[in-house]
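Working notes, beginning with the structure itself.
Chains as they are written, first to last, in the numbering used here: chain R, 391 to 459; chain Y, 416 to 908.
Here's what the structure looks like:
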């Protein structure tokens with residue numbers, strides 16, 4: 391079995407961020423439509439929070455120490 | 416492929432970049448999902464360590480050379496991606512008032528010239544930078560002129576009681592050819608609407624008389640008007656210039672801003688289908704045949720570029736929807752997003768300058784993609800020193816074929832998905848799962864994946880339907896990629 395590396399953890403985190411969007415859409419009573427500071431929860435998450443976290447995850451966990459190709 | 420900017424240029428072709436604001440404008444949260452998947456799948460595939468193997472037995476050119484199957488698959492994929500983007504150039508030219516063939520010729524000839532002229536090979540990063548600046552300036556100007564920040568603009572769109580034709584819309588002032596409303600949505604009217612044919616022509620509509628549906632054809636003289644009632648539908652295919660009424664609901668638009676902003680339930684199967692297609696496609700396009708990984712700085716450039724693209728797409732979709740709700744007429748299509756929205760917002764010279772910047776952004780992004788796609792293919796040709804990426808005859812044929820095919824209008828995003836899905840099923844599993852070296856199992860798995868993909872894709876011609884089967888038919892990579900992965904897994908045992 392291949393070892394679990396920080397890169398694997400990074401890929402899993404990105405998948406979890408994607409899963410979060412699906413879960414948010416599946417919340418009952420259109421909870422994702424609740425507005426906070428003018429923007430709905432779904433747009434906060436999908437448009438701002440998840441992309442920003444995804445960028446952070448990629449830089450922090452996916453990059454290798456080796457030089458660029 | 417030697418830098419992060421080339422990864423961005425390969426992935427972010429104009430058809431992909433414009434598909435984002437188009438999806439955001441048309442379907443709100445579905446567009447957000449597309450944005451997340453487009454931003455994350457390249458990062459995931461670049462982060463994983465496996466590569467497509469070099470085979471030396473059947474399926475290779477022999478003599479320890481590069482495997483033939485991935486090279487041919489990638490060559491076809493690149494050809495289809497070029498086709499999608501040249502189609503878009505033709506669509507944009509037609510939408511902006513030029514001839515369709517003019518857009519096609521400009522895109523194909525400049526793309527090919529970059530191949531023939533060797534000093535221009537390393538221009539992808541500079542072209543991407545030009546595209547970035549030229550795309551951001553009109554967006555910033557739009558935000559500044561409307562006096563609304565992005566959050567306030569979103570709130571304004573999401574609280575619209577209905578999307579109505581603005582008085583400055585070209586559909587209201589001079590009118591447009593009905594054939595330009597090429598989106599897939601039916602042109603159904605929700606209220607009484609008077610249409611004028613400034614130059615006359617033949618107009619067909621399905622009208623609802625009580626519960627009886629009738630198809631009516633009018634032969635209109637120049638300036639003659641026709642009144643349609645709620646429930647009536649314009650039939651596509653009539654080549655007639657039409658003027659719509661100002662302040663009336665746009666046919667094909669969401670019923671309100673709230674409907675646009677809300678997520679529709681039970682769409683997760685389609686979303687998984689899109690994820691699998693783009694994940695496998697990214698693996699094929701960005702990983703197959705490559706062995707070296709990006710540094711932290713390279714990852715920062717790729718991730719940052721993808722984030723900026725997603726943010727730009729959201730801004731462009733929101734301001735376009737706010738300033739030009741006629742974007743929805745008959746369904747949102749990509750080329751409409753290459754037109755600066757809000758005809759009344761800017762004075763003539765400023766408007767022309769901003770419009771020119773938008774076109775420069777589109778052309779620069781296309782040229783960066785052509786350079787990077789050729790480099791990508793050349794990276795597979797190790798024994799030939801990457802010559803396949805710079806053979807003027809081969810690329811003249813590829814650009815010429817794509818240009819000819821582009822004379823027939825097709826949806827650029829559908830073509831892009833087809834290219835990424837096919838390449839993903841053929842090369843994706845092997846690129847992600849690291850098959851044992853020196854065996855033909857990667858090629859076998861790729862062929863099986865491709866056959867399954869093509870079979871299911873052919874079923875699209877009979878309609879998609881709903882449920883799991885509908886999602887698989889809508890996104891054939893949902894069947895093709897697991898089939899290829901299964902063969903690979905069985906072969907490793």
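Virtual Cβ for every residue (Gly too), placed ideally from N, Cα, C.
Discussion item. Across the segment 878-897 of chain Y and the segment 672-685 of chain Y, are there enough close Cβ pairs to call them in contact, namely three or more that are closer than 8 Å?
Written reply: The segment 878-897 of chain Y, when compared against the segment 672-685 of chain Y, does touch it at the 8 Å Cβ threshold.
Practice prompt. Give the DSSP bridge partners of residue 634/Y, in chain order.
Written response: Residue pairing for residue 634/Y: DSSP places it in a beta bridge opposite 617/Y.
Practice prompt. Grab me the residues of residue 940/Y's own chain with a C-beta within less than 7 Å of its C-beta, minus the 5 sequence neighbours each way, in chain order.
Written response: This structure does not reach residue 940/Y, given that chain Y is present from 416 up to 908, and the question cannot be answered.
Worksheet item: Under a CB-based cut-off of 8 Å, is residue 905/Y close to chain A?
Response: Protein chains R and Y are contained in the structure displayed, whereas chain A is not.
Worksheet entry | Which listed residue (736/Y, 571/Y, 777/Y and 557/Y) has its alpha carbon closest to that of residue 546/Y | Measuring from the Cα of residue 546/Y, the nearest candidate turns out to be 777/Y.
Worksheet entry | Contact the segment 591-611 of chain Y vs the segment 629-646 of chain Y: 3+ CB pairs below 8 Å | The segment 591-611 of chain Y, when compared against the segment 629-646 of chain Y, does touch it at the 8 Å Cβ threshold.
Worksheet entry | Proximity below 8 Å, CB of residue 748/Y to CB of residue 672/Y | Going by beta carbons, residue 748/Y and residue 672/Y fall outside the 8 Å limit.
Fill in: Under 8 Å by beta carbon: chain Y residues contacting residue 440/R
Contact annotation for residue 440/R against chain Y: 451 [CB-CB distance below 8 Å, chain order].
Item to complete: Go through the segment 661-715 of chain Y residue by residue and report every complete run of the alpha helix (DSSP H) that reaches 4 residues or more, in order.
Response: Whole alpha helix (DSSP H) segments, 4+ residues: 672-676 and 683-701.
Worksheet item: According to a CB-to-CB cut-off of less than 9 Å, which residues of the segment 396-422 of chain R neighbour chain Y?
Response: Hits within the stretch, in order: 397, 398, 400, 401, 404, 405, 407, 408, 411, 412, 414, 415, 416, 420 and 422.
Fill in: Same chain, Cβ closer than 6 Å to residue 675/Y, five either side skipped, listed in chain order
Excluding five sequence positions before and after residue 675/Y, the CB atoms of its chain that fall closer than 6 Å to its own CB belong to 443 and 669, given in chain order.
Worksheet item: Does any CB atom of chain R fall closer than 8 Å to the CB of residue 428/Y?
Response: No, no contact with chain R.
Practice prompt. Tell me, to the nearest whole angstrom, how far the beta carbon of residue 492/Y is from that of residue 830/Y; I am working on the premise that it is less than 8 Å.
Written response: Going by Cβ atoms, the distance from residue 492/Y to residue 830/Y rounds to 11 Å, so no, they are not a contact pair.
Worksheet entry | Contact under 8 Å by Cβ, residue 750/Y with residue 430/Y | No.
Worksheet item: How is the alpha helix (DSSP H) around residue 770/Y delimited, first residue to last?
Response: Bounds of the alpha helix (DSSP H) holding residue 770/Y are 763-793.
Worksheet item: How big is the Cα-Cα spacing for residue 627/Y and residue 649/Y?
Response: Straight through space, the alpha carbons of residue 649/Y and residue 627/Y are spaced by roughly 16 Å.
Discussion item. Please report the distance separating the alpha-carbon of residue 891/Y from that of residue 818/Y.
Written reply: Roughly 26 Å between the two C-alpha positions.
Item to complete: Could you give the DSSP three-state label for residue 644/Y: helix, strand or coil?
Response: Reduced to three states, the DSSP call for residue 644/Y is coil.
Worksheet entry | C-alpha distance - residue 485/Y paired with residue 570/Y, whole-angstrom precision | Their backbone Cα atoms lie some 47 Å apart in a straight line.
Worksheet item: In three-state terms, what does DSSP make of residue 440/Y?
Response: The answer is helix: DSSP assigns residue 440/Y an H, G or I state.
Worksheet entry | Proximity winner among 449/R, 453/R, 440/R and 450/R, relative to residue 376/R (alpha-carbon distances) | The structure shown does not extend to residue 376/R, since chain R is modelled only from 391 through 459, so no value can be given for it.
Worksheet item: Leaving out the 5 sequence neighbours to the left and right, which residues in its chain are closer than 6 Å to residue 432/R when beta-carbon positions are compared?
Response: The beta carbon of residue 432/R lies closer than 6 Å to those of 414 and 422 in the same chain, with the five residues before and after it left out.
Worksheet item: residue 452/R CB to nearest chain Y CB: under 8 Å?
Response: Taking Cβ atoms only, chain Y reaches closer than 8 Å to residue 452/R, which makes this a yes.
Worksheet item: Is the shortest distance between the beta-carbon of residue 677/Y and the beta-carbons of chain R less than 8 Å?
Response: In terms of beta-carbon proximity, residue 677/Y lines the interface with chain R, with at least one pair separated by less than 8 Å.
Practice prompt. Under the assumption that residue 894/Y contacts residue 867/Y (Cβ atoms under 8 Å), give the Cβ distance between them as a whole number of angstroms.
Written response: With 8 Å as the limit, residue 894/Y and residue 867/Y qualify as a contact, their Cβ atoms being about 5 Å apart.
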